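Visitor: Mind having a look at this structure? Questions to follow.
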Ligand code: NAP
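Residue numbers (the numbering used here): 221 to 520.
What follows is the structure in structure tokens.
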């Protein structure tokens, strides 16, 4: 598959790929670079592997290079390593938006760029958040380019095999479709969580800090999502604008329907919508995408 991998960006996802590779493919060598000297120092301190001080040094001998930086930094990060990459190497990324990354990353003519997005992550960031098991049983969506070279298909197959070795389930998808699907299952839920939590903070004065005190009743689950990295999510919304605005349109229509049902005392309507939504939760658990434990296994 690959014997040397370079990862640009030693944050939550870069560190998780490093740890997962060390566990699943111990013979594969991984070199990591991050633009932040503090992150590089911390990554060394926690024994994350080979941390180098220049991106060129990381990629020089690598047959797979993975960009694990915020979506808005993908273009400059790819540009910074293009000349140093080994001829014929595979370039990939883990960005949460795909069409804009495809437009921003200009690989060298002899490289094979295979974009991807692992649907796995927590609200934490930085090298300490690296988890070896993060990709187990999670989806990795690969969005190949329209590249006619026969070796390109081999690159797609090799990247898919790499992610399967880390425990992920691999699906191939068109970049535009990826961005619409992710707007529904990930981007919009984050926007809603950011909105609810920020709104509650705005209301602190009215509620006299009771929002935080009584947050166990639903609010705290939103605070977990809203604790996600502000830079990463700023870039997601700036780079998946159309799909997010489209889904936001559907969302506000649904919200208006609920508002109307509450105003008119239409219990049947509310019950019908809530019953449909509850069924989706069951389907998510049956698909192995979450734990069946009540309250996510928390004790209280
Ligand atoms: P993170 O923990 O914040 O790590 C990103 C790291 O990249 C930071 O240390 C950052 O340094 C560094 N960086 C930024 N620009 C760089 C550059 N040009 N060259 C080298 N390093 C650079 O973020 P993350 O959660 O790992 O996310 C990384 C990527 O994975 C994003 O594209 C995100 O959309 C995607 N993703 C995230 C999740 C998730 O749940 N977190 C899940 C799937 C995919 P500075 O702090 O100095 O900028």
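Idealized CB from N, CA, C, for every residue including glycine.
Just so it is clear, the structure is predicted and the values come from calculations on it, not from any experiment.
Per the contact definition of three or more C-beta pairs closer than 8 Å, is the segment 338-345 in contact with the segment 355-370?
Guide: Segments in contact, yes.
Visitor: Below 8 Å between beta carbons: does that hold for residue 285 and residue 301?
Guide: As a working mapping, residue 285 is identified with position 65 in the chain shown. As a working mapping, residue 301 is identified with position 81 in the chain shown. Yes, these two residues count as a Cβ contact at 8 Å.
Visitor: Beta carbon of residue 259: closer than 7 Å to some heavy atom of the ligand NAP?
Guide: Counted from its first residue, the chain shown places residue 259 at position 39. Under cutoff, so the answer is yes.
Visitor: Sort 407, 309, 303, 268 by Cα distance to residue 468 and report the nearest one.
Guide: The residue given as residue 468 occupies position 248 in the chain shown. Cα-wise, what sits closest to residue 468 is 407.
Visitor: Short of 7 Å in beta carbon distance, which residues of its chain neighbour residue 513, apart from the five on each side in sequence? Order them along the chain.
Guide: By 1-based counting over the chain shown, the position of residue 513 is 293. Same-chain partners within the cutoff: there are none.
Visitor: Could you tell me the distance, in whole angstroms, from the CA atom of residue 232 to the CA atom of residue 480?
Guide: Walking along the chain shown from the start, residue 232 turns up at place 12. Walking along the chain shown from the start, residue 480 turns up at place 260. So the alpha carbons of these two residues sit roughly 42 Å apart.
Visitor: Which residues in the same chain as residue 315 place their Cβ atom closer than 7 Å to its Cβ, once the five residues preceding and following it in sequence are excluded?
Guide: For the purposes of this step, residue 315 is identified with residue 95 of the chain shown, where counting begins at 1. Same-chain partners within the cutoff: 291, 294, 321, 337.
Visitor: Report yes if the C-beta distance between residue 222 and residue 259 is below 8 Å; otherwise report no.
Guide: If you number the chain shown from 1, residue 222 lands on position 2. If you number the chain shown from 1, residue 259 lands on position 39. No, these two residues do not count as a Cβ contact at 8 Å.
Visitor: Would you grab the beta carbon distance between residue 263 and residue 235 for me? Rounded to a whole angstrom, and I think it's under 8 Å.
Guide: Locating residue 263 in the chain shown gives position 43, counting from the first residue. Locating residue 235 in the chain shown gives position 15, counting from the first residue. With a Cβ gap of about 7 Å, residue 263 and residue 235 count as contacting.
Visitor: Does the beta carbon of residue 363 fall short of 7 Å from some heavy atom of the ligand NAP?
Guide: Position 143 of the chain shown, counted from the start, is the residue given in the question as residue 363. No; taking the cut-off as 7 Å, the Cβ of residue 363 has no heavy atom of the ligand NAP nearer than that.
Visitor: Secondary structure at residue 251, three-state DSSP: helix, strand or coil?
Guide: The count along the chain shown starts at 1 and reaches residue 251 at position 31. In the structure shown, residue 251 sits in a strand (DSSP, three-state: E or B).
Visitor: When the Cα atoms are used, what is the spatial distance from residue 299 to residue 516?
Guide: Sequence index remark: in the chain shown, residue 299 carries index 79 (1-based). Sequence index remark: in the chain shown, residue 516 carries index 296 (1-based). The alpha-carbon atoms of residue 299 and residue 516 are separated by roughly 42 Å.
Visitor: Whole angstroms is fine: what's the gap from residue 431's alpha carbon to residue 389's?
Guide: One-based indexing of the chain shown puts residue 431 at position 211. One-based indexing of the chain shown puts residue 389 at position 169. So the alpha carbons of these two residues sit roughly 39 Å apart.
Visitor: Contact between the segment 415-423 and the segment 438-449: three or more CB pairs below 8 Å?
Guide: Yes, the segment 415-423 is in contact with the segment 438-449.
Visitor: Quick one: what does DSSP say residue 421 is sitting in, helix, strand or coil?
Guide: Stepping through the chain shown from its first residue, residue 421 is reached at position 201. If DSSP states are grouped into helix, strand and coil, residue 421 belongs with the helices.
Visitor: Applying the criterion that 16 or more other CB atoms from any shown protein chain within 10 Å of the CB defines a buried residue, is residue 460 buried or exposed?
Guide: The sequence position of residue 460 within the chain shown is 240, counting from 1. When all chains shown are included, residue 460 counts as buried.
Visitor: Excluding sequence positions up to five away, which residues of its chain have a Cβ less than 8 Å from the Cβ of residue 506?
Guide: For this step, residue 506 is matched to residue 286 along the chain shown. Closer than 8 Å at the Cβ level, and outside the excluded window around residue 506, lies no residue.
Visitor: Using CA coordinates, which residue listed in 463, 493, 462 is at the minimum distance from residue 476?
Guide: For the purposes of this step, residue 476 is taken as residue 256 along the chain shown, with counting starting at 1. Nearest option by C-alpha distance: 493.
Visitor: Rounded to whole angstroms, what is the Cα-Cα separation between residue 274 and residue 253?
Guide: The sequence position of residue 274 within the chain shown is 54, counting from 1. The sequence position of residue 253 within the chain shown is 33, counting from 1. Roughly 7 Å separates the two Cα atoms.
Visitor: Would you kindly work out how many angstroms separate the C-alpha atoms of residue 329 and residue 374, rounded to a whole number?
Guide: Stepping through the chain shown from its first residue, residue 329 is reached at position 109. Stepping through the chain shown from its first residue, residue 374 is reached at position 154. Roughly 16 Å separates the two Cα atoms.
Visitor: Nearer than 7 Å: is that true of the beta carbon of residue 509 relative to any heavy atom of the ligand NAP?
Guide: Indexing the chain shown from 1 puts residue 509 at position 289. Incorrect: residue 509 has no Cβ contact closer than 7 Å to the ligand NAP.
Visitor: Out of 251, 240, 239, state which residue places its alpha-carbon closest to the alpha-carbon of residue 228.
Guide: As a first step, residue 228 must be located in the chain shown, where it is residue number 8. Closest option to residue 228, Cα to Cα, is 251.
Visitor: Using only CA atoms, which one of 326, 349, 307, 344 lies nearest to residue 240?
Guide: Numbered from its first residue, the chain shown carries residue 240 at position 20. Residue 349 is the option with its Cα nearest to residue 240.
Visitor: Quick check on this structure: which residue in 326, 267, 257 has the alpha carbon closest to the alpha carbon of residue 287?
Guide: If you number the chain shown from 1, residue 287 lands on position 67. With distances taken between Cα atoms, residue 287 lies closest to 326.
Visitor: From which residue to which residue does the alpha helix (DSSP H) around residue 452 run?
Guide: Residue numbering aside, residue 452 sits at position 232 when the chain shown is read from its first letter. Taken as a continuous stretch (DSSP letters only), the alpha helix (DSSP H) holding residue 452 covers 450-459.
Visitor: Is the beta carbon of residue 345 within less than 7 Å of some heavy atom of the ligand NAP?
Guide: Translated into positions along the chain shown, residue 345 becomes position 125. Checking the Cβ of residue 345 against the ligand NAP gives yes.
Visitor: For residue 246, count neighbouring C-beta atoms within 10 Å of its own C-beta (all shown protein chains included) and say buried if the count is 16 or more, exposed if not.
Guide: Locating residue 246 in the chain shown gives position 26, counting from the first residue. With fewer than 16 Cβ atoms within 10 Å of its Cβ, residue 246 is classed as exposed.
Visitor: Runs of 4 residues minimum, wholly inside the segment 249-306: which ones carry the alpha helix (DSSP H) assignment?
Guide: As far as the segment 249-306 is concerned, its whole alpha helix (DSSP H) runs of at least 4 residues are 257-265, 275-279, 294-301.
Visitor: I'd like the ranges of any beta strand (DSSP E) spanning at least 3 consecutive residues and lying wholly in the segment 355-417.
Guide: Runs of the beta strand (DSSP E) inside the segment 355-417: 359-362, 389-392.
Visitor: Suppose contacts are defined by Cβ-Cβ distances below 8 Å. Is residue 278 in contact with residue 289 by that definition?
Guide: Mapped onto the chain shown, residue 278 falls at position 58. Mapped onto the chain shown, residue 289 falls at position 69. Cβ distance not < 8 Å, so residue 278 and residue 289 don't count as in contact.
Visitor: Please report how far the alpha carbon of residue 465 lies from the alpha carbon of residue 361, in whole angstroms.
Guide: As a working note, residue 465 is residue 245 in the chain shown. As a working note, residue 361 is residue 141 in the chain shown. So the two alpha carbons sit approximately 22 Å from each other.
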